[in-house]
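Participant: Counting from 1 along the sequence shown, just add 20 to a position and that's the residue number in the numbering used here.
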Amino acid sequence: MLQLSGSPRPDHDPQHAGHLSVEYDPRPTAVREARVEVRRQLERWGLTGPDAAGAGDRAGGDLVDVTELLVSELVTNALLHSRSRFRLTLSAAHGVLRCEVSDSGRRVPRVVAAGTSENGRGMFLVDALALRWGCHQDGPGKTVWFELGTRGLDGCGRRQP
């Protein structure tokens, strides 16, 4: 794992976003490493615990849990489908946390109904829990991203009507 860039705290200055970008080798431990890095960075940015998003203990915990879950899904997809180095990028500003996973694969993710199969539920979870998500081609590869709200329970992990 190689940390490429980072900044201390989002929304401290409304024009300055918190940002972190980490590159990982394609190995099974990368999923756990990405989850640990997500939790660590959200803690650094003050997006966990009782002061997170001004909505009490549960709001920050929900944000961390949902972010870790969805990052795990995107990282697992990158490992399974591209089998190459990939980059996790987190940015937070103006009440929005954006998580991106960039890899060398060309396969665009799709949402599959959560049935009884053992595979294919990851993007169903991303679609259900993120405020927004998407995928764009990025040179020879792609970037899959999702966004969550950071200002209390109303925006965290709940799609806006």
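For glycine and all other residues, C-beta sits at the position ideal for the given N, C-alpha and C.
Taking the alpha carbon of Leu149 as the reference point, which residue from Glu167, Asn139 and Gly159 has its own alpha carbon closest?
Facilitator: Comparing Cα positions, the closest option is Glu167.
Participant: Measuring alpha carbon to alpha carbon, tell me which residue in Cys119, Phe144, Glu120 and Leu117 is nearest Arg249.
Facilitator: For the chain, the structure presents residues 21 to 181; residue 249 sits outside this window and is missing.
Participant: How is the alpha helix (DSSP H) around Arg55 delimited, first residue to last?
Facilitator: Per DSSP, Arg55 belongs to the alpha helix (DSSP H) from Thr49 to Arg64.
Participant: With Val42 and Arg107 assumed to form a contact (beta carbons below 8 angstroms), what rounded beta-carbon distance in angstroms separates them?
Facilitator: Contact holds; Cβ gap of about 7 angstroms.
Participant: Helix, strand or coil, according to DSSP, for Asp85 in the structure here?
Facilitator: It is helical.
Participant: In terms of DSSP beta bridges, what is Phe166 paired with?
Facilitator: Its beta-bridge partners are Cys119 and Trp153.
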